[in-house]
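Going by my numbering, the first sequence opens with residue 1, and the numbers climb by one from there. Ideal Cβ positions, reconstructed from N, Cα and C, are used throughout, including at glycine. Worksheet: one structure, shown below.
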Amino acid sequence: MRVSKAFIPTVKETPQEAEIPSHKLMLRAGLMRKVASGFYEYLPLGQRVILKVMEIIRQEMERAGAQEVLMPIMTPAELWQETGRWQKYGKELMRVKDRHERDYALGPTHEEVITDMVRRELKSYKQLPMNLFQIATKFRDEVRPRFGVMRSREFLMKDGYSFDVDDAACDKTYWAMFEAYKRIFKRCGLLCSPVEADSGLIGGSFTHEFMVLAETGEAAIALCEACGYAANMEKAQGNPAAHTARETGGPHSKVLTPGKHTVQDVGEFLKLPDQQFIKTLIFIADGKPVAVLVRGDHEVNEVKVKNHLGAAEMSLAGPEKVVEITKAPVGFAGPVDLKGVKVIADKALQGGHQYVTGGLEKDVHLTNVEFGRDFPEPEWGDFRDVVSGDGCPKCGKPLKTGRGIEVGQTFKLGLKYSSSMHCVYLGEDGKDHETVMGCYGIGVTRTVGAAIEQHHDENGILWPISLAPYQVHLLCLNPAEPEVAKVADQCYEDLKKAGYDVLYDDRMEASAGFKFKDADLLGMPLSVRVGARGLKEGVIEVKRRREKDPAKAPVAQVLDKLKDFAAEEWKLCTP
RNA sequence: CGGGGUGUAGCGCAGCGGCUAGCGCACUUGGUUCGGGACCAAGGGGUCGGAGGUUCGAAUCCUCUCACCCCGACCA
């Protein structure tokens with residue numbers, strides 16, 4: 001493609017709406033434009049990247065035995081009512097009515113539709129396993145769309161669903177999909193790790209999220225570099241740092257702590273380390289108060305608490321509620337003599353002694369508090385966020401915490417949908433059996449964003465060669481000089497003939513410097529620069545975007561040089 | 001939905017103690033340049049997000065409204 005004829009509107013200045021690198025660069029490099037909050041249009045360059053991601057997904061899904069289908073975006077309310085998600089999904093489900101006032105949902109995911117499709121056709125165990133996927137537009141009316149393509153209201157997703165005869169067969173399919181996902185993200189040039197995750201609204205027995213490691217990621221994760229253990233914060237376990245007080249102290253006593261209501265304040269005041277504190281947080285779970293105890297150096301993970309309690313709704317109690325329950329302002333809650341409240345405690349507190357807690361009285365804390373002696377043993381569990389330095393639950397080495405972008409998720413659904421929607425097959429035994437399902441999603445547009453998030457520098461994008469809209473960016477630096485233009489034109493033909501996707505900057509009006517800047521911004525992994533300066537010495541420059549300086553090759557050897565560089569780039573995207 | 005912020009030319013912004021709407025980039029024309037976002041000259045482009053109000057007079061003050069962005073709650 002010649003730049004002079006291409007629709008690639010690059011911009012020099014960063015649009016004020018963008019905050020994170022991928023969003024800024026997708027706008028600046030002319031990949032996309034915003035139409036409304038959370039809705040984007042993809043320009044030619046963006047669309048080319050999307051197509052490349054989709055092609056990789058298709059190849060790997062088919063390789064793993066899945067078949068492609070296409071389901072409607074508008075889906076009838078009845079299907080959603082059947083599983084109860086018409087209610088449960090809430091406002092995130094975009095709903096529309098047709099002219100007959102019939103209700104539809106714009107599909108945010110397609111478990112209901114595909115289960116309906118399969119149950120109508122499925123008769124015998126001989127038809128199983130069945131593994132189907134589609135790549136289609138999804139709608140989710142996000143409370144707050146943000147970060148461009150990372151959280152938009154309309155996006156492209158690959159969603160796949162598997163149907164198996166039994167649990168063991170489903171597990172096999174699940175792990176095949178899991179492996180396919182690892183290959184897909186590797187082929188997209190992404191550093192991505194699967195993490196154990198909380199299974200949330202979709203339910204099911206186990207699930208992995210595929211996280212692209214990036215500072216701007218929305219999800220917190222913990223990982224162990226030593227053994228590869230990785231988990232979402234909602235799921236991550238860790239062995240806490242040792243307690244500072246290991247023996248029972250004297251009887252507990254009150255201390256006056258005027259105006260000190262954070263662990264830090266009181267800790268400084270009493271000259272005691274954070275580990276020796278019990279933080280008491282009051283939550284309201286399904287209308288009932290619950291006190292959650294964690295060590296002073298830890299934070300409560302609400303999802304873990306919520307799952308433990310089996311609560312449908314839970315939130316931190318407001319200041320008035322806290323006064324009502326603890327008879328003291330926020331900052332002085334404690335488990336000693338706390339009445340009428342269920343108390344649960346994080347197990348990191350176990351084995352510690354001489355704790356400091358709130359005194360259930362304004363400006364009063366208690367010291368030398370002991371579990372069991374000063375208040376009843378609470379219900380123990382894992383209720384905290386893992387922190388950097390905790391021991392890995394698998395190998396004991398220190399864990400690291402970081403952030404990730406969720407580009408894919410695999411779920412083992414079990415019988416959740418086949419049960420509620422009666423998706424059954426006739427078994428060898430002549431009886432009906434429910435199919436065991438799995439579902440597997442990849443955010444296509446988000447993967448594009450994640451790729452940029454992971455591969456960019458201050459000048460622009462550095463596309464993995466597998467996703468680059470064009471593999472080679474050919475620059476004609478002095479188009480006004482006939483000899484240069486002639487060589488560049490010839491080069492363009494040769495490159496195309498050699499099988500490369502080539503973007504040819506043949507613009508008469510742009511200066512060499514301008515073309516360099518654009519090339520850096522657009523980020524094609526390879527570039528070929530034809531200029532008068534080089535041709536004088538009989539050479540053409542061949543450059544990798546990730547390298548600072550270009551290599552020089554005699555005109556006849558440009559293709560060889562390029563081939564070597566391309567091979568290096570492909571290595572980075574090969575499973 | 002709660003808190004904060006922004007809407008002025010295609011983009012980035014100034015003007016906001018009322019009185020003729022500006023700058024940089026981009027765009028058009030001509031000329032000179034031509035290896036890291038060139039220079040000179042001449043141009044085109046705005047119902048100042050929208051509605052109402054105060055005033056002799058509103059981009060500027062007041063009220064309402066819409067859109068967008070950020071933080072939070074939320075998120076197969």
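Apart from the five residues just before and just after residue i, which ones in its own chain have a Cβ nearer than 6 Å to its Cβ?
i    : result
P273 : T244
V49  : V448, L467, P469
I20  : F147, T216
L201 : Low confidence applies to L201: its pLDDT is 49, below 50, so where it sits in the model is not reliable enough to give any reading.
E569 : I465, P525
S162 : N131, T173, G438
T326 : A333, L360
So, helix, strand or coil for residue i, using DSSP?
i    : result
D274 : helix
P76  : strand
C573 : coil
L223 : strand
I56  : helix
N307 : helix
I452 : helix
T577 : The structure shown does not extend to residue 577, since the chain is modelled only from 1 to 575, so the question has no answer here.
D98  : coil
R153 : coil
R2   : strand
T83  : helix
K130 : In the sequence on display, residue 130 carries Met and not Lys. Reduced to three states, the DSSP call for M130 is strand.
K235 : coil
I114 : helix
D564 : helix
L462 : coil
Y355 : strand
E68  : strand
K552 : strand
A559 : A small fix is needed here, since residue 559 is Leu in this sequence, not Ala. Helix at L559.
Are the CB atoms of residue i and residue j nearer to each other than 9 Å?
i    : j    : result
L338 : T410 : no
V530 : C491 : yes
S315 : I284 : yes
K397 : A226 : yes
G107 : M71  : yes
A498 : L559 : yes
D346 : L309 : no
H456 : S22  : yes
E453 : A214 : yes
D615 : T10  : There is simply no residue 615 to check, as the chain begins at 1 and stops at 575 in what is shown.
G404 : I221 : yes
V528 : L572 : no
H252 : V336 : yes
S420 : G84  : yes
G238 : L51  : no
E483 : A532 : yes
I135 : V330 : no
Y417 : T115 : yes
M211 : E406 : yes
Can you name, in chain order, every residue of its own chain whose Cβ lies under 7 Å from the Cβ of residue i, other than the five neighbours on each side?
i    : result
G460 : L25, A29, D520, L521, L522, G523
D103 : A77, R95, K97
N301 : M233, E234, F383, R384, D385
Excluding the 5 residues flanking residue i on each side, which residues of the same chain have their C-beta closer than 8 Å to its C-beta?
i    : result
A197 : T207, H208, E209, A231, N232, E234, K235, Q409
L128 : L122, F163, D164, V165, A169, Y425, T435
K306 : A285, M314
A348 : P240, V294, R295, H298, R384
A480 : M508
Let me check you understand the geometry: is the CB of residue i closer than 8 Å to at least one non-hydrogen atom of the ligand NAD?
i    : result
E234 : Of the ligands one can find in the structure shown there are none, so the ligand NAD has no counterpart to examine.
Subject >> Residue ranges of each alpha helix (DSSP H) within the stretch 165-200, 4 or longer >> reply: 167-187
Subject >> Runs of beta strand (DSSP E) lying entirely within the stretch 371-440, each at least 3 residues, in chain order >> reply: Within the stretch 371-440, the runs of beta strand (DSSP E) that reach at least 3 residues and sit entirely inside it are, in chain order, 379-381, 400-414, 424-426, 432-434.
Subject >> At least 3 beta-carbon pairs within less than 8 Å: the stretch 342-356 vs the stretch 294-303 >> reply: yes
**OP:** For the stretch 506-543, list the alpha helix (DSSP H) runs that are entirely contained and at least 4 residues long, ordered along the chain.
**Re:** 512-522, 532-536
**OP:** Mind the definition here: the stretch 54-62 touches the stretch 181-195 only if three or more C-beta pairs lie below 8 Å; say whether that holds.
**Re:** The answer is yes - the stretch 181-195 touches the stretch 54-62, with three or more Cβ pairs under 8 Å.
**OP:** Pick out the complete alpha helix (DSSP H) segments inside the stretch 278-351, 4 residues or longer, and give them in chain order.
**Re:** 302-309, 319-326
Original post:
Between the stretch 138-158 and the stretch 120-127, are three or more C-beta pairs nearer than 8 Å?
Top reply: no
Original post:
Which ranges would you report for the alpha helix (DSSP H) in the stretch 12-51 if only whole runs of at least 4 residues count?
Top reply: 21-28
Original post:
Can you find at least 3 beta carbon pairs, one from the stretch 511-520 and one from the stretch 552-569, that sit closer than 8 Å?
Top reply: no
Original post:
Along the chain, which unbroken stretches of the alpha helix (DSSP H) at least 4 residues long are found entirely within the stretch 476-508?
Top reply: 482-497
**OP:** Tell me, please, whether the stretch 356-370 touches the stretch 259-273 by the rule of three or more beta-carbon pairs shorter than 8 Å.
**Re:** With a cut-off of 8 Å on Cβ pairs, the stretch 356-370 is in contact with the stretch 259-273, counting three or more such pairs.
Original post:
Unbroken alpha helix (DSSP H) runs of length 4 or more, entirely within the stretch 239-272: which are they?
Top reply: Qualifying alpha helix (DSSP H) stretches, in chain order: 263-270.
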